[in-house]
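Here the structure comes first, spelled out in C-alpha cells, and everything after it is commentary.
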Amino acid sequence: MADGNKFFPAPRLILAALVAGVLAGAVAVYVSESGSGNNAPAQVAVGDSKDDIACTAKADRAKTVAAAATGQVAALLPADPPQSLKSLAFNDPGGKPMTLADHAGNTVLLNLWATWC
C-alpha cells in the first residue's frame, strides 16, 4: 500500500517552518530597530524668553529628580537643558491648528506616548 503523505511534508514540519520564519522575522525587526530616542543627543534650547529663563531656573530640581529615579522611571529623563513646550503644535479634534500656549492657565494632561503612530 502506498503512503499518501510521501510527497507532502508532515503538518508538524510545516508548522515548525512557519514558527521559525516568524521568529526570524521578529529577530530581524528587533535587531534593525534604531532605538527609542532616549539615547539621542540632547537638543539645545536657545532663547531668552521668560519661559526659557523659568525652565533654566528649574534645572537643578530636574537633576535632583533624575538622580532619585530608579527602575523603569529612570528611562523618563527630563530634558537637559530644560525646554519650554509652549510652541508645541498639534491639531485639535476638529482639525484646527493650536499650540500648548493656547491652554495657558488650564490644567492639561499631555500624553506624548506613541507619537510615531
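Take any residue in the sequence shown, note its place counting from 1, add 1, and you have its number in my numbering.
For glycine and all other residues, C-beta sits at the position ideal for the given N, C-alpha and C.
Everything numeric in this text was worked out from a predicted model, so none of it was measured.
Endpoints, beta strand (DSSP E) assigned at residue i
i	result
P12	Note, P12: premise wrong, no beta strand (DSSP E); alpha helix (DSSP H) at 12 to 33.
T100	98 to 100
A90	90 to 92
Exposed unless 16 or more other CB atoms sit within 10 angstroms - verdict on residue i
i	result
Q84	buried
Residues near residue i by beta carbon distance below 8 Å, same chain, minus five either side
i	result
A105	K87
T100	K87, S88, L89, A90, F91
K51	none
C56	A46, P82, P83, Q84, S85
Span of the alpha helix (DSSP H), counted from its first residue to its last, around residue i
i	result
T65	60 to 69
Cutoff 6 Å; reference residue i; Cβ partners in own chain excluding five residues on either side
i	result
L14	none
D103	none
Worksheet item: Touching or not, the region 54 to 63 and the region 73 to 82, by the rule of three or more beta carbon pairs under 8 Å?
Response: Judged by Cβ distances under 8 Å, the region 54 to 63 makes contact with the region 73 to 82, as three or more pairs qualify.
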